[in-house]
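Here the structure comes first, spelled out in structure tokens, and everything after it is commentary.
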Amino acid sequence: MNDPLPYVLTIVQAAALLLLAPFMVGWVRLVKARLQNRRGAGPLQPYRDIRKLFAKEAVVAANASWIFRFTPYLVFGVTVLAGAIVPILAVDLPLAPVADVIALVAIFALA
């Protein structure tokens, strides 16, 4: 239990998923464009789009509730947590016992 390697691997895995996901989206878009005989944008285009979106000012109504303001952070956190519990880099992850509960809650949320 004192071995920090599984925790480090979990953090590295979550960071890798956050950093590589836009590249994979860009690569899929590029391949789809090439299959349709188009040039298409480069695989780094999603990173440019993310930079542009972060530069924009958030538009929030004056009478918006705290739920409206909190939901994007909640969705981002749950997505990172879901990416952290999937065993990609290591098999013995510290959050592995929670994975079944999270999957069950996600299935119920889809219903």
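Residue numbers for the sequence shown, in the numbering used here: 170 to 280.
Cβ atoms here follow ideal geometry from the backbone N, Cα and C, with glycine treated the same way.
All values derive from a computational prediction rather than experimental measurement.
Check	Outcome
contact_flag[the region 211-224, the region 238-251] where n(CB pairs < 8 Å) is 3 or more	no
Short Cβ contact (8 Å threshold) for Ile271 with Gln182	no
Cβ neighbour criterion (16 or more within 10 Å) applied to Ile254	buried
Helix, strand or coil at Pro256 according to DSSP, with G and I counted as helix	coil
Cβ pair Pro175, Pro263 closer than 8 Å	yes
Exposed unless 16 or more other CB atoms sit within 10 angstroms - verdict on Leu178	buried
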